[in-house]
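Reading through the structure tokens given below for one structure.
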Amino acid sequence: MKTKNAAVVPWHSPAEVMDMIYDVREPGCEAVGYALLRPRSRQSVNHVMAVFGSKLAPFKPDADAPRTPCGLPVTARDHRLILAQGAPDTPLWRLLEDYDANVRPHQRLLAAILTIKGEHDMPSHDLLDMASAYAAVHLAGGRRLSTMAVLHVPGDGLSAARQHVHLCVLARQHLPSGWAGEHPDLVDTAHQLWADEISAFRTGWSRITAAA
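The sequence shown begins at 126 in the numbering used here and counts up one residue at a time.
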């Protein structure tokens, strides 16, 4: 999906994106959402640019909406890019464009979305800090995966739903030499693995921040 300017990427509503992804629902793992984006769904071709762009802009952006330094519209509360350890510095727009351009014919998975939920009385910046730290340690460092963390505060749209962070994880390992294979932990049977790992990290993070 090559384009010359981020401004021309069409906006996709959250409902449209839900039709693109496969939502994994393992019993006992409700604290962490886990969804998979495959190259095709319902006979249509998927792109990470569309899905990640929708997470950046959960509300339809207007002409005055803020934008990332590379030009993607943002209506989410906040976001961060956590590149894989050793990967070259790349703006988000170029990262997603390059990834979509290099999808292999036999590739099974484009990306995964881990959703970490916060409490109503938890400051949103604390939730984003924790989720970003998890991504830096366990995704960027431990697995060499590049991730976009996006903070959604549904109250911004008059919803009573809880705030949450989406960790939008590119499925192929991101090495200094370029894109490698899909990480074996990103499969539809791994919901429990991710839920347990994030739960353990949250517990440790709480101890660290309480002692600081």
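We treat Cβ as the ideally placed atom computed from N, Cα and C, and that holds for glycine.
Here the structure is a predicted model, which is why all the values come from computation and not from measurement.
For the 8 Å CB-CB criterion, Pro248 and Pro183 do not form a contact. Annotation for Ala237: the continuous beta strand (DSSP E) segment containing it runs Ala236 to Lys242. Contact check between the region 204-221 and the region 254-274: three or more CB pairs, one atom from each, fall below 8 Å, which counts as touching.
With contacts defined as CB atoms closer than 8 Å, His263 and Phe177 fail to qualify as a contacting pair. Secondary structure of Ser169 (DSSP, three-state): strand. When DSSP states are grouped into helix, strand and coil, Glu155 belongs to the coil group.
Counting every other CB atom within 10 Å of its CB across the protein chains shown gives His277 a total of 16 or more, marking it as buried. Closest option to His299, judged by alpha-carbon separation, among Asn171, Ala201 and Thr272: Thr272.
Collapsing the DSSP output to three states places Pro198 in a strand. Look at Met273 here: in three-state DSSP terms it is strand. With respect to Thr240, Gly158 sits close: the two C-beta atoms are nearer than 8 Å.
Under the Cβ criterion (8 Å, minimum of three pairs), the region 291-308 counts as touching the region 219-234. Looking at the DSSP output, Tyr147 shares a beta bridge with Leu161. Cβ-Cβ distances below 8 Å link Trp218 to Ala131, Thr193, Cys195, Gly196 and Leu197 in the same chain, with the five nearest sequence neighbours on each side left out; the list follows chain order. Relative to the Cα of Val312, the nearest Cα in the group Glu141, Arg233 and Asn227 belongs to Arg233. In chain order, Arg268, Leu318 and Trp319 place their CB closer than 8 Å to the CB of Asp310, counting only its own chain and leaving out the 5 sequence neighbours on each side. Residue state for Arg287 is assigned as coil, using DSSP reduced to three classes. Spatial neighbours of His308 in its own chain (CB-CB distance under 7 Å, excluding positions within 5 residues in sequence) are listed in chain order as Arg268, Leu270, Ala296 and Gln298. With a 10 Å radius around the Cβ and a threshold of 16 neighbouring Cβ atoms, Tyr147 comes out exposed.
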